[in-house]
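*Asks:* Attaching a single structure in structure tokens format; questions to follow.
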Amino acid sequence: MPSDGVEEEAGSVLTLRKAGPELGGFPEYVRLLYVRAEGGERERVGYIAVREEESVSACISVLLNQVGEAALLGFGARLLLSQLIEIYTLSRLPRSLALLPDDEEEAKMGTCLLRKLQPRRSIHSMDLSIFIPLCIVVLLAVASPAESHFSGLHFRRAIEDHQRQHVADFYSLAGTHRRTLASEQIDPLDFDNDRLRDAYIALQAWKKVIFSDPANVTASWVGPDVCMYEGVFCAPALDDPCDETVAGIDLNHKDLAGYLPEELGLLKDLALIHLNSNRFCGVVPLSFANLKLLHELDLSNNRFVGPFPNVVLSLPSLKYLDLRFNEFEGALPADLFSKDLDAIFINDNRFSSSIPPTLGLSPVSVLVLANTPVSGCVPAGIGGMSENLNEIILLNNNLTGCLNPSIGQLANLTVLDLSFNGLLGKLPETLAQLTQLEQLNVAHNAFSGNVPPEICALPNLENFTYSYNFFESEAQNCLALPSRGATFSDRQNCIPGRPAQRSFKECAAFLSHQPSCEEIV
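Under the working numbering, the first residue of the sequence shown is numbered 10, with each subsequent residue one higher.
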């Protein structure tokens, strides 16, 4: 099913309508691919990202199978197109894949794109008899959300099935017997213990699905001494200090592109995974459930997709979870806030549910849930959050309704940001109980009534922003905040005598029709 405005013409180069930042480091073009069906007729199999450069004797072949068939249905406002899994020279493409027409020239014209994608490893230095998995998940806008029949669960399963199939076939060609794993070709005596041997298997599998490595990080991932690999950190095992094991992976800001293979579940002694600011895509593998010692998981600023990765909620030692700046979507699981976490960063994703009522059970000290389409009210039980809570940032969502007075129970709160939502009603006077509060931002909502003087009298208040609301009055001690070194902003309200306020007509129209909090409940 082509996206809106796309013509199905074999070999045509089509402009990709971006749904986000440039994906996978490739420019915004896609090409429609055809293969010959058994009856001799062509049928479309999918799209592929291409680079408009000179033709070379390298061919990207797309094996879509069930993943591709599912992908050509819609998925939300986007479309999974393909996962690229082979690079070969044209002469070495095996006929047994059943993707190639008999005529080699026809293959060049119809099935293969002779475009140089500039992989970091030269195709001439590769073992061309081995699959090279390249997870390039390309996202397109579909014609309309109504055409989407591909649920997030099916989407995740499709990718997971594909990745599991890759694991099963990692060193095999279609139509040939499965070969022994590379790890089995290494002398077990080369490793001090089984943990390091498992780490070698996992890291070599990961290296093979990292298809862009501009800093050449994985160049050091050679040989059995995994503790010398860049970004890999070893330490004595907790249950046996005589055994050295891989305890941490820190690849922050390396601009790596690829995906996370299931084999990473072999790294059972990992305490931290830091993958901030890369271009990893796909889903979080279910094998992460084996990482029972994982304390910190930072997958932020990547291109992970699909529903919330519930597998992370099964990790008993996890305290720090950072998933911000990805493409996760769907509902937030209720268990997220009942898990014993210290910090949750899930902002800048596509979560679209309401905030679960279990929010009040969360023991976190920091919660950042911002710049997402989450909607509904701030849960009434917010006041039940841990006394350890220091910062809660819920800015730029689609939150509505009134703020529950229980929020005044968050005695140790220092930062509260509710700006850029649709909250209304009066500011709860219980906010005056937040004596540790330093930053309070409720701007760009629909609050009204009076700004309570007790809030402006908070002893540690450094900034109070309540602009772009419909407040009708403010206390004099609010105006005096600058005299004690604090700042405030009251612009665009309905406060008589103050500069830069809303017009009388705008204020009257809103204040005469505003719903009460009781009506909303």
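Note that the Cβ used here is the ideal one computed from N, Cα and C, for glycine as well.
Distance, Cα to Cα, Ile401 vs Glu515?
*Replies:* Their Cα atoms are separated by approximately 31 Å.
*Asks:* If the criterion is Cβ atoms closer than 9 Å, does the pair Ala455 and Leu433 meet it?
*Replies:* Cβ distance < 9 Å, so Ala455 and Leu433 count as in contact.
*Asks:* Would DSSP call Phe479 helix, strand or coil?
*Replies:* Three-state DSSP puts Phe479 in a strand.
*Asks:* Does the contact criterion of 3 or more C-beta pairs under 8 Å hold for the stretch 365-379 versus the stretch 338-357?
*Replies:* Touching, per the Cβ criterion.
*Asks:* How should Ala256 be labelled, buried or exposed, when 16 other C-beta atoms within 10 angstroms of its C-beta is the threshold for buried?
*Replies:* Buried, because 16 or more other Cβ atoms sit within 10 Å of the Cβ of Ala256.
*Asks:* Going by C-alpha to C-alpha distance, which of Arg493, Gln442 and Ile504 sits closest to Ser457?
*Replies:* Closest option to Ser457, Cα to Cα, is Ile504.
*Asks:* Excluding the 5 residues preceding and the 5 following Pro461 in the sequence, name in chain order all residues of the same chain whose CB lies nearer than 8 Å to its CB.
*Replies:* Cβ within range, chain order: Leu436, Glu438, Leu440, Ala441 and Ala484.
*Asks:* Whole angstroms is fine: what's the gap from Leu260's alpha carbon to Gly240's?
*Replies:* For Leu260 and Gly240, the distance between alpha carbons rounds to 5 Å.
*Asks:* Quick one: grab the DSSP three-state call for Gln501.
*Replies:* Of the three classes helix, strand and coil, the one that applies to Gln501 here is coil, per DSSP.
*Asks:* Around the Cβ of Glu271, are there at least 16 other Cβ atoms within 10 angstroms (buried) or fewer (exposed)?
*Replies:* Burial call: buried.
*Asks:* For Arg511, I'd like the list of residues in its chain whose CB is within less than 6 Å of its CB, leaving aside the five on either flank, ordered along the chain.
*Replies:* Around Arg511: Gln501 and Cys503.
*Asks:* Assign Gly232 to buried or exposed, taking buried as 16 or more other Cβ atoms, counted over all protein chains shown, within 10 Å of its Cβ.
*Replies:* Classification for Gly232: exposed.
*Asks:* Could you tell me which of Leu279, Tyr475 and Ser286 sits nearest to Asp264, measuring between CA atoms?
*Replies:* Among Leu279, Tyr475 and Ser286, the Cα nearest to that of Asp264 belongs to Ser286.
*Asks:* What does the Cβ neighbour count give for Asn311, buried or exposed, with the cut at 16 atoms within 10 Å?
*Replies:* When all chains shown are included, Asn311 counts as buried.
*Asks:* Where does Val226 sit, in a helix, a strand or coil, going by DSSP?
*Replies:* Residue state, collapsed to three classes: helix.
*Asks:* Going by other Cβ atoms of all chains shown within 10 Å of its Cβ, with 16 needed for buried, is Pro382 buried or exposed?
*Replies:* It counts as exposed.
*Asks:* By Cβ distance below 6 Å, which residues in the same chain neighbour Val314 in space, the five residues on each side in sequence not counted?
*Replies:* Answer for Val314: Glu336, listed in chain order.
*Asks:* Are the beta-carbon atoms of Leu324 and Ala298 separated by less than 9 Å?
*Replies:* Yes, they are a contact pair.
*Asks:* CB Asp351 to CB Pro372, shorter than 9 Å?
*Replies:* Yes, they are a contact pair.
*Asks:* What residues in its chain sit with their C-beta under 6 Å from that of Asn202, if we drop five residues either side in the sequence?
*Replies:* Correct list, in chain order: Asp252.
*Asks:* Got a sec? Which residues, its chain only, sit under 6 Å from Leu443 by beta carbon, not counting five neighbours each side?
*Replies:* Excluding sequence neighbours, Leu443 sits near Leu422.
*Asks:* Would Leu308 pass as a contact of Leu279 if the rule is Cβ separation under 9 Å?
*Replies:* In this structure, Leu279 does not lie closer than 9 Å to Leu308 by Cβ.
*Asks:* List the endpoints of the continuous alpha helix (DSSP H) containing Asn486.
*Replies:* Looking at the DSSP string, the run of the alpha helix (DSSP H) that includes Asn486 is Gln485 to Leu488.
*Asks:* Pick helix, strand or coil for Arg359, following the three-state DSSP scheme.
*Replies:* Arg359 falls in the strand class under three-state DSSP.
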